[in-house]
Amino acid sequence: RHNKKIDPEGPTLFAKMTPDPVACASLGQVYQATLHNGTVVAVKVQRPDALSILAKDAQCFRTVLGIKGTVEKALERLAAAKAPLQSLLTKTNDAPNGVDNNINPG
Numbered sequence: 013r014h015n016k017k018i019d020p021e022g023p024t025l026f027a028k029m030t031p032d033p034v035a036c037a038s039l040g041q042v043y044q045a046t047l048h049n050g051t052v053v054a055v056k057v058q059r060p061d062a063l064s065i066l067a068k069d070a071q072c073f074r075t076v077l078g079i080k081g082t083v084e085k086a087l088e089r090l091a092a093a094k095a096p097l098q099s100l101l102t103k104t105n106d107a108p109n110g111v112d113n114n115i116n117p118g
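Mapping to my numbering: the sequence shown position 62 is 74, numbers consecutive.
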């Protein structure tokens, strides 16, 4: 990691560079520049907080995927309980006055 301050009066790395990015990169932006010998190059400038943002994004993905797994398990349990519940509801709905006379209250 390079923490030196840039000296605006010091030597330049590029003869010219676009003021605005020409593309986005995963952790920064890409600029078009021209070296002093005329070679056109792409310069990727990493955002200073890119790794911190990436770590937060990864944590969010882990949380969402964990919740997704929990929801999927709950849906599987509901699907397994669906047939017995439907059977019980059908018995109750078919009985006079909505009560299943075959169920012993106990």
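Ideal placement from N, C-alpha and C gives every residue a C-beta, glycine not left out.
Measuring only the C-alpha atoms, how far is Q98 from L87?
In the sequence shown, residue 98 corresponds to position 86, counting from 1. In the sequence shown, residue 87 corresponds to position 75, counting from 1. Straight-line spacing of the CA atoms in Q98 and L87 works out to 16 Å.
Using only the alpha-carbon positions, how far apart do L90 and G81 sit?
Counted from its first residue, the sequence shown places residue 90 at position 78. Counted from its first residue, the sequence shown places residue 81 at position 69. Approximately 14 Å, taken between the alpha carbons.
Sequence-distant residues of its chain with Cβ nearer than 8 Å to Q41 (five each side left out)
Within the sequence shown, residue 41 is the residue found at index 29, counting from 1. Spatial neighbours of Q41 in its own chain (CB-CB distance under 8 Å, excluding positions within 5 residues in sequence) are listed in chain order as P33, A35, K56, V57, R59.
Look up R13 in the DSSP assignment and say whether it is helix, strand or coil.
Taking the sequence shown and counting its residues from 1, one reaches residue 13 at position 1. Low confidence applies here, because R13 scores a pLDDT of 47, under 50, leaving its location unreliable and the question unanswered by this model.
Are the beta-carbon atoms of Y43 and T51 separated by less than 8 Å?
Locating residue 43 in the sequence shown gives position 31, counting from the first residue. Locating residue 51 in the sequence shown gives position 39, counting from the first residue. T51 sits away from Y43, with the two beta carbons spaced by 8 Å or more.
Rounded to whole angstroms, what is the Cα-Cα separation between R13 and L39?
In the sequence shown, counting from the first residue as 1, residue 13 sits at position 1. In the sequence shown, counting from the first residue as 1, residue 39 sits at position 27. For R13, the predicted structure reports a pLDDT of 47, less than 50, and the residue's modelled location is therefore unreliable. The matter cannot be settled from this model.
So who's on the other strand from T46, going by DSSP bridges?
Looking up residue 46 in the sequence shown gives position 34. Paired residue(s): K28, V52.
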